[in-house]
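Inspection log for the structure reproduced underneath, given as structure tokens.
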Amino acid sequence: MDMTLTAKIKIYPTAEQAEVLKATLSAYRQACNAVSVVIFDTKVLAQAKLHDMTYRLLRSNYALRSQMAQSVIKTVIARYRSLKSNGHEWTLVRFKKPEYDLVWNRDYSIVQGLFSVNTLEGRIKVPFEPKGMEQYFDGSWMFGTAKLVYKHNKFFLHIPMTKTIPTVDEHNIRQVVGVDVGVNFLAVAYDSQGKTTFFNGRKIKHMRAKYKRMRKNLQQKGTASARRKLKTIGQRENRWMTDVNHAVTKALVRQYGERTLFVLEDLTGIREKTERVRIHDRYETVSWAFYQFRQMLEYKARLHGSKVIVVAPHYTSLTCPKCGHTEKANRKKRTHTFCCRTCGYTSNDDRIGAMNLQRKGIEYIVEETTKA
1114 MDMTLTAKIK IYPTAEQAEV LKATLSAYRQ ACNAVSVVIF DTKVLAQAKL HDMTYRLLRS
1174 NYALRSQMAQ SVIKTVIARY RSLKSNGHEW TLVRFKKPEY DLVWNRDYSI VQGLFSVNTL
1234 EGRIKVPFEP KGMEQYFDGS WMFGTAKLVY KHNKFFLHIP MTKTIPTVDE HNIRQVVGVD
1294 VGVNFLAVAY DSQGKTTFFN GRKIKHMRAK YKRMRKNLQQ KGTASARRKL KTIGQRENRW
1354 MTDVNHAVTK ALVRQYGERT LFVLEDLTGI REKTERVRIH DRYETVSWAF YQFRQMLEYK
1414 ARLHGSKVIV VAPHYTSLTC PKCGHTEKAN RKKRTHTFCC RTCGYTSNDD RIGAMNLQRK
1474 GIEYIVEETT KA
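At position 175 of the sequence shown the residue is numbered 1288 (the numbering used here), and the sequence of numbers has no breaks.
Written as structure tokens, this is what we have:
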């Protein structure tokens, strides 16, 4: 089964090369906007027709090289098709960000350990920093159409990489780990040996509360500068949340190794359930990127020969893992404790969730391996 992920590679052009790249990005953006006007006015999305209508204009007015002009046309067509497929009204697409699509082995390649990138002034070779991504440059991954991005005065290549990775067979699963994700603990893992690992979320919870206060203060001001600051804070918070999810999922995969089945709750509809959450706690409950956590754990597990499944979240924190008794009174949310009203088994409520998820994982393995 093919697996595709996007690697974000920082490149280090010289000052002179940086100016060339900036000029290329600017010309590419302006050219995209020019083609966008043509498509908006004519509603033509056929590449051959648009090539006849715009190719000479792109070469003469924006000094684009042949392959770059082709890429501009494809980039704009893709944006309009996405607009239509998502059911949006026909509107003029504007390109504001300094970005440039590069086709592998045409617009960019790797030559003697350097990225060779096509620009308005021809090819330039720039060093790059794999930053822990050395495995993706071992020749086993196929590179796709990359995007050159200029952000925060830095240049990045966002490269989609594809590799065929076999899916682990349920018969070869070595252990099952239930992973309960939440607010007080980022994750609680319970494994086949009966051991529990807690990833404390106290500092993270305080940080989220800090961002919440900052947002509230800026929203009350309502000025243009406050709105700009809100956007900046939102981006910063998203980056921070992504880093935390990376760290926790990486630790889980490293700790449990290959042939592990990770079992998560399906929290897809968590935002629709906020009416049952106190307004005071609502931001902390829905702001955490649970789905992103799941996606990261899924691809990292696959890379390490493991697997992730999601199961229905019903009663995972209300069911006693020892006697099976299910009752709402078993759990005390305020103190984050669980005490079975039948057998008296007591533990942390998040740990109970992880234990029940681990049990569901075992049931899944039995069902899959005993199919006719």
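All residues carry an ideal CB built from backbone N, CA and C; glycine is no exception.
Quantities reported herein were computed from a predicted structural model and do not represent experimental measurements.
Backbone CA spacing between residue i and residue j [nearest angstrom]
{"i": "Leu1380", "j": "Pro1426", "result": "7 Å"}
{"i": "Asp1356", "j": "Phe1406", "result": "10 Å"}
{"i": "Pro1126", "j": "Val1239", "result": "5 Å"}
{"i": "Thr1432", "j": "Thr1310", "result": "20 Å"}
{"i": "Pro1211", "j": "Trp1217", "result": "19 Å"}
{"i": "Lys1473", "j": "Cys1456", "result": "21 Å"}
{"i": "Glu1132", "j": "Leu1138", "result": "10 Å"}
{"i": "His1164", "j": "Ile1475", "result": "57 Å"}
{"i": "Pro1243", "j": "Ser1229", "result": "15 Å"}
{"i": "Val1289", "j": "Ala1322", "result": "34 Å"}
{"i": "Val1390", "j": "Leu1227", "result": "Bear in mind that the predicted position of Val1390 carries a pLDDT of just 47, short of 50, making it too unreliable to give a figure here."}
{"i": "Glu1481", "j": "Glu1283", "result": "7 Å"}
{"i": "Val1479", "j": "Ala1120", "result": "37 Å"}
{"i": "Gln1180", "j": "Ile1278", "result": "32 Å"}
{"i": "Glu1378", "j": "Thr1275", "result": "28 Å"}
{"i": "Cys1145", "j": "Met1166", "result": "14 Å"}
{"i": "Leu1501", "j": "Gln1130", "result": "Outside the modelled stretch of the chain, which goes from 1114 to 1485, sits residue 1501, for which no answer is possible."}
{"i": "Arg1415", "j": "Asn1231", "result": "34 Å"}
{"i": "Lys1197", "j": "Tyr1213", "result": "22 Å"}
{"i": "Leu1365", "j": "Asn1174", "result": "53 Å"}
{"i": "Thr1429", "j": "His1438", "result": "11 Å"}
{"i": "His1449", "j": "Thr1459", "result": "11 Å"}
{"i": "Ala1402", "j": "Arg1172", "result": "44 Å"}
{"i": "Arg1287", "j": "His1417", "result": "13 Å"}
{"i": "Thr1345", "j": "His1319", "result": "19 Å"}
{"i": "Phe1269", "j": "Met1114", "result": "28 Å"}
{"i": "Arg1384", "j": "Tyr1404", "result": "Note that Arg1384 scores 47 on pLDDT, short of 50, meaning its location in the model is unreliable; the coordinates nonetheless yield the value given after this. If you take the alpha carbons of Arg1384 and Tyr1404, they lie about 11 Å apart."}
{"i": "Lys1484", "j": "Pro1434", "result": "26 Å"}
{"i": "Met1354", "j": "Lys1363", "result": "14 Å"}
{"i": "Ala1339", "j": "Gln1332", "result": "7 Å"}
{"i": "Ile1237", "j": "Ile1124", "result": "12 Å"}
{"i": "Ser1184", "j": "Ile1152", "result": "15 Å"}
{"i": "Ile1465", "j": "Ile1272", "result": "41 Å"}
{"i": "Glu1202", "j": "Lys1135", "result": "32 Å"}
{"i": "Asp1154", "j": "Val1206", "result": "11 Å"}
Cβ-Cβ separation, residue j to residue i (assumed contact under 8 Å), whole Å
{"i": "Tyr1369", "j": "Asp1304", "result": "7 Å"}
{"i": "Gln1160", "j": "Ile1186", "result": "6 Å"}
{"i": "Lys1420", "j": "Val1281", "result": "5 Å"}
{"i": "Ala1182", "j": "Tyr1168", "result": "6 Å"}
{"i": "Arg1454", "j": "Ala1467", "result": "Rounded, the Cβ-Cβ distance is 21 Å, inconsistent with contact."}
{"i": "Val1301", "j": "Asp1463", "result": "4 Å"}
{"i": "Ile1122", "j": "Phe1241", "result": "5 Å"}
{"i": "Arg1372", "j": "Asn1285", "result": "6 Å"}
{"i": "Val1423", "j": "Val1292", "result": "Contact flag wrong, Cβ pair sits at about 10 Å."}
Opening and closing residue of the beta strand (DSSP E) in which residue i lies
{"i": "Val1290", "result": "1288-1294"}
{"i": "Glu1212", "result": "1212-1215"}
{"i": "Phe1451", "result": "1450-1452"}
{"i": "Val1224", "result": "1221-1224"}
Span of the alpha helix (DSSP H) around residue i
{"i": "Val1150", "result": "1128-1155"}
{"i": "Asn1461", "result": "It is not in any alpha helix (DSSP H) - Asn1461 instead sits in the beta strand (DSSP E) that spans 1459-1461."}
{"i": "Thr1188", "result": "1179-1198"}
{"i": "Ser1086", "result": "Nothing in the structure corresponds to residue 1086, since the chain is present only between 1114 and 1485."}
{"i": "His1427", "result": "Segment: none, His1427 is in no alpha helix (DSSP H) and carries neither H nor E."}
{"i": "Tyr1412", "result": "1403-1416"}
{"i": "Lys1325", "result": "1315-1334"}
Residue i - partner residues in DSSP beta bridges
{"i": "Gly1235", "result": "Thr1232"}
{"i": "Thr1373", "result": "Gln1288"}
{"i": "Thr1251", "result": "Per the sequence shown, the amino acid found at residue 1251 is Asp instead of Thr. Note: Asp1251 sits in no beta bridge, so no partner."}
{"i": "Tyr1303", "result": "Gly1291, Thr1309"}
{"i": "Met1274", "result": "Leu1118, Phe1256"}
{"i": "Glu1242", "result": "Lys1123"}
{"i": "Glu1535", "result": "The shown model of the chain, from 1114 to 1485, leaves out residue 1535, and the question about it has no answer."}
{"i": "Leu1343", "result": "Leu1343 is not bridged to any residue."}
{"i": "Arg1444", "result": "Phe1451"}
{"i": "Lys1267", "result": "Lys1264"}
{"i": "Leu1227", "result": "Val1224"}
{"i": "Phe1298", "result": "Asn1313"}
{"i": "Thr1439", "result": "Thr1432"}
Original post:
Between the region 1187-1207 and the region 1261-1280, do at least 3 Cβ pairs fall closer than 8 Å?
Top reply: No: fewer than three Cβ pairs fall under 8 Å.
**Message:** Does the contact criterion of 3 or more C-beta pairs under 8 Å hold for the region 1293-1304 versus the region 1312-1319?
**Reply:** Contact between the region 1293-1304 and the region 1312-1319 is present, because at least three Cβ pairs lie under 8 Å.
- Sufficient close CB pairs (3 or more, under 8 Å) joining the region 1136-1154 to the region 1247-1255: The region 1136-1154 is not in contact with the region 1247-1255.
Check whether the region 1342-1352 and the region 1322-1331 touch, using three or more Cβ-Cβ pairs below 8 Å as the test. With a cut-off of 8 Å on Cβ pairs, the region 1342-1352 is in contact with the region 1322-1331, counting three or more such pairs.
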